[in-house]
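Sequence order for the protein chains is D and L. When you line the first sequence up against my numbering, it's residues 38 to 448, in that order. When you line the second sequence up against my numbering, it's residues 38 to 448, in that order. Ideal Cβ positions, reconstructed from N, Cα and C, are used throughout, including at glycine. Notes follow the structure.
Protein chains: 2
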Amino acid sequence: MSAAALELPATPDFDTWPVDTPVDHVAHQDRVLTVTWQDGRVSRYHSVWLRENAADQTTVNPKTRERVLDLSQLADWPTLTAAWLEDSGAVSIRFAPEQHTLSFHPGWLRANDYSHLEDPDAPLVPTRHWTAETRSDPISLDAGRWLQHTDGDPASDALLGQALEAVIGEGLVRLRNLPTVPGTLDAIAARLGVLRPTNFGSLFDVRAKPDPDSNAYTSIALPPHVDLPTREYQPGLQLLHCLENSAVGGQAVMMDGFAVAETLRARHPEHFDTLTRVRWCFANTAKTSDHVWFEPMIKCDPSGRVTEIRVADFLRGPLQAPFEDIEPAYAALICLQTLLKEPQFALRFTYAPGDLVIFDNRRLLHGRDAFDPGTGGSRWLQGCYLERDEIRSRLRMIRRAERERQVEASG
Amino acid sequence: MSAAALELPATPDFDTWPVDTPVDHVAHQDRVLTVTWQDGRVSRYHSVWLRENAADQTTVNPKTRERVLDLSQLADWPTLTAAWLEDSGAVSIRFAPEQHTLSFHPGWLRANDYSHLEDPDAPLVPTRHWTAETRSDPISLDAGRWLQHTDGDPASDALLGQALEAVIGEGLVRLRNLPTVPGTLDAIAARLGVLRPTNFGSLFDVRAKPDPDSNAYTSIALPPHVDLPTREYQPGLQLLHCLENSAVGGQAVMMDGFAVAETLRARHPEHFDTLTRVRWCFANTAKTSDHVWFEPMIKCDPSGRVTEIRVADFLRGPLQAPFEDIEPAYAALICLQTLLKEPQFALRFTYAPGDLVIFDNRRLLHGRDAFDPGTGGSRWLQGCYLERDEIRSRLRMIRRAERERQVEASG
């Protein structure tokens, strides 16, 4: 490790920040620090932002790295009275009104340079829409040896990283050749993050049951849907692990709800608008629970990008909306139902025992063809839910470990 | 039970719908049914709405009561060709294009009358804002005998119903005189619904720890905050159960974040707007997970009502926002931090062993004063998270059971 690296100041987090581009020189005004990097980039940071993101113990608790500074307790708005480049490569700043000096790690400053923010909302992995015409099979990875690797092993991380990038980018991945022992899903999920249990349990079994409490537990076809739209926040991810599949029929059907929504917006903007506005009733009609939620079927972020789909015809209760909205709402629904039957959206595949699909339950619509439970064959999937947070955290940790290995290798 | 009640048709759900007001007469046009009730109310229902909400087996699976009808498979938009009142009190309708007759339960029709919707978004329990001036103590209930009752027992339901109405209406309730055995929280939570586990576990212990992974696990003061703002959907509810409290200090501080937000809107509308717009970075800075989420601190629904608060100064990462937003964002933050220190918001109370607070983690800000871990006293809370869905479902089930008892008693 170089002497300079040894002297770099702490960062306000536990991350590793490689110094790919050193600072060339710095300049300051009262409220803005200007950093010129050796590759010519000029970055600007506000004094108040710098003060709140320092890493010393007046700002963060050194053990937890959680902030202890309360800006409103300062005597005045933080300003810069001096700024200079240290021999280590760090940037040091003298702050008023406190009159103390704080140092910033150049790798951290570069990584958090908001003055060159291309997209403040840049996702961890870019979203790629797809149809069955552009994707004839889910992204599929051989996970036969995955569970034999220790968690955190670079080989395990590499496979998991690819899988998570597929789920975040396309909403779907298929891992193949996993064990077919019931409960294996617990071990798999432990590699991903914390499960989200529901009234169907922590792991649920998808197979025909004599006294079903959901259409999923029958052998009938299921139209494309998301699970648990009856919740304020429907689960972000679903895992389905195939243990047995010798039944006739029961092909999986998956479609990219974002691609469907964009097609609806292009062809029928009035119906798209209606479905982003009218709050449908989603209800579970169960004997032992009573989940009801009112929400539009399509949700966009402030910039208009589709971020969530909430469609499940068999889990809707009676629409409660202003009288004049009812017919337009149903016209839009029927238009969507018709669109969902167009063959270009539906990716169809047959589960093999040992397959595990991970998909975004707020984006993908999933369904299945009817299967014949009476031919001696059987169909048994185990499923569970997680939140999207879990796999984003996991992917960040994998990338953090990669950076640590890089910094160590270059030290 | 009366003969008329016996003959009433099924409903599309498992609920009980008392017929408090019978139908007087009905009339129809192609697309609208008009129902005149014996109390003079006139209700109107669209043909397409009626067709989709029928309860026969062409519409719902009789076992699961989940919908099987796909409107887009009908040859045409559903219309009414006849409508009449049955002797049982049911409303029967002849539908085109299918040419079959479907009957509707009058209690269900009345309960779902959207033509008299005062507020299509009417909550289960109205929201009541409060400050420490209007509420000097949390709504408190004696739960000393609660766990001795069987779950579902009317006495248990009555206490739980009161508690849930307090949580939904005011965001906070305190149950008192519960056992102080560690793990009792599991039994309590089982009465409410499914827990939401996190990286801190299913139940977590709040007490000073030698190697804390959160400021919560130290003895320092915690400023008012919500938990897990680093998640896309921060947990809806938090439960804290006091097992021991003999430490000096450590008073609980709770405030109604909705009341704070409304005060901010009234006094400083520009800062309120900024906090509903700028997406702050919430980050967990941990060694073993890496949760990051970008979201405004105040979230409103389309009608402008505040629905969520996301404030936790110690869990914020570096703000990544357009350059010109940084100073206004910090000005708004400092204004909010100052507001949060005004004494009228902070409800302060001391936990007694056996106390359990349940609060809305997307509405209430909670904190604590510093406590002294070195005086021989100890402070030990156990906590867990649930989703808001769970207690809404639970409250609906309690009300459903009440309706069933009423109908049985009047039968």
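Closer than 9 Å at the beta carbon, the chain D residues around residue i
{"i": "L/G273", "result": "E269, Y270"}
{"i": "L/M434", "result": "T325, S326, D327"}
{"i": "L/N214", "result": "Here the premise fails: no neighbours, minimum Cβ distance about 28 Å."}
Exposure of residue i, with buried meaning 16 or more beta-carbon neighbours within 10 Å
{"i": "D/S326", "result": "buried"}
{"i": "L/G420", "result": "buried"}
{"i": "L/Q75", "result": "exposed"}
{"i": "D/G181", "result": "exposed"}
{"i": "D/D50", "result": "buried"}
{"i": "D/S193", "result": "buried"}
{"i": "D/V485", "result": "What is shown of chain D runs 38 to 448, which leaves residue 485 of chain D out entirely."}
{"i": "L/D264", "result": "buried"}
{"i": "L/T187", "result": "exposed"}
{"i": "D/R102", "result": "buried"}
{"i": "D/A366", "result": "buried"}
{"i": "L/E441", "result": "exposed"}
{"i": "L/M38", "result": "In this predicted model, L/M38 has a pLDDT of only 40, less than 50, meaning its place in the structure is not dependable; the value taken from the coordinates is given anyway. Exposed, because fewer than 16 other Cβ atoms sit within 10 Å of the Cβ of L/M38."}
{"i": "D/A64", "result": "exposed"}
{"i": "L/H328", "result": "buried"}
{"i": "D/S6", "result": "Any answer about residue 6 of chain D is impossible in this case: the structure gives chain D only from 38 up to 448."}
Residue i at chain C interface by Cβ criterion, 8 Å
{"i": "L/N398", "result": "Of the chains in the structure shown, none is chain C; the protein chains are D and L."}
Closer than 7 Å at the beta carbon, the chain L residues around residue i
{"i": "D/T235", "result": "V231"}
{"i": "D/S152", "result": "F360"}
{"i": "D/L280", "result": "Neighbours of D/L280 on chain L: none; closest Cβ ~23 Å, over 7 Å."}
{"i": "D/T101", "result": "P249, D250, S251, N252"}
{"i": "D/A323", "result": "F51"}
Under 8 Å from the C-beta of residue i: neighbouring residues of chain L
{"i": "D/W86", "result": "P355, L356, I363, Y367"}
{"i": "D/R437", "result": "D327"}
{"i": "D/N14", "result": "In the structure displayed, chain D extends from 38 to 448; residue 14 of chain D sits before or after that span and is not available."}
Span separating the alpha-carbon of residue i from that of residue j
{"i": "D/A369", "j": "D/V315", "result": "10 Å"}
{"i": "D/R342", "j": "D/D223", "result": "34 Å"}
{"i": "D/D107", "j": "L/V97", "result": "57 Å"}
{"i": "L/R433", "j": "L/N149", "result": "15 Å"}
{"i": "D/A40", "j": "D/D124", "result": "Only weak support exists for where D/A40 lies, its pLDDT of 44 falling under 50; the value from the coordinates is given anyway. When rounded, the distance between both Cα atoms is 10 Å."}
{"i": "D/W54", "j": "D/A127", "result": "12 Å"}
{"i": "D/H83", "j": "D/E439", "result": "31 Å"}
{"i": "D/S109", "j": "D/T116", "result": "14 Å"}
{"i": "L/R211", "j": "L/T387", "result": "12 Å"}
{"i": "L/R436", "j": "L/E332", "result": "35 Å"}
{"i": "L/S140", "j": "L/N90", "result": "11 Å"}
{"i": "D/T267", "j": "D/W330", "result": "5 Å"}
{"i": "D/G287", "j": "L/A112", "result": "27 Å"}
{"i": "L/V105", "j": "L/V290", "result": "50 Å"}
{"i": "D/I371", "j": "L/P134", "result": "16 Å"}
{"i": "L/E364", "j": "L/A358", "result": "10 Å"}
{"i": "L/S80", "j": "L/F241", "result": "51 Å"}
{"i": "D/L215", "j": "D/P191", "result": "19 Å"}
{"i": "L/I346", "j": "L/R425", "result": "14 Å"}
{"i": "D/T313", "j": "D/I335", "result": "5 Å"}
{"i": "D/L201", "j": "D/T58", "result": "29 Å"}
{"i": "L/T164", "j": "L/A407", "result": "31 Å"}
{"i": "L/K324", "j": "D/L276", "result": "26 Å"}
{"i": "D/T344", "j": "L/P339", "result": "17 Å"}
{"i": "D/V162", "j": "D/G206", "result": "6 Å"}
{"i": "L/V69", "j": "L/Q381", "result": "53 Å"}
Within chain L, the residues that residue i reaches when beta carbons sit closer than 9 Å
{"i": "D/L108", "result": "D350, Y367, L370, I371, Q374"}
{"i": "D/H83", "result": "F360, I363, E364, Y367"}
Cross-chain neighbours of residue i in chain D, by beta carbon under 8 Å
{"i": "L/E424", "result": "R268, E269, Y270"}
{"i": "L/V105", "result": "N252, I257, F351"}
Contact list for residue i against chain D, beta-carbon separation under 7 Å
{"i": "L/S430", "result": "S326, D327, H328"}
{"i": "L/P260", "result": "D107"}
**Message:** For the structure I just gave you, are there three or more beta carbon pairs, one from the region 284 to 295 of chain D and one from the region 224 to 242 of chain D, closer than 8 Å?
**Reply:** no
**Asked** Hey, which unbroken runs of the beta strand (DSSP E) at 3 residues or more fall wholly within the region 145 to 215 of chain L?
**Response** 177 to 179, 209 to 213
**Item:** the region 341 to 355 of chain D contacting the region 306 to 325 of chain D, beta-carbon criterion three pairs below 8 Å
**Value:** yes
**Asked** Hey, which unbroken runs of the alpha helix (DSSP H) at 4 residues or more fall wholly within the region 294 to 348 of chain L?
**Response** Unbroken alpha helix (DSSP H) stretches of 4 residues or longer found wholly inside the region 294 to 348 of chain L: 294 to 304, 306 to 314, given in chain order.
**Asked** At a cut of 8 Å, does the region 236 to 248 of chain D reach the region 306 to 314 of chain D through at least three beta carbon pairs?
**Response** no
**Prompt:** What are the start and end residues of each continuous beta strand (DSSP E) run of 3 or more residues lying completely inside the region 245 to 291 of chain L, in chain order?
**Reply:** 259 to 262, 274 to 282
**Message:** Which runs of the alpha helix (DSSP H) at least 4 residues long sit entirely within the region 219 to 247 of chain L? Give them in chain order.
**Reply:** 221 to 229
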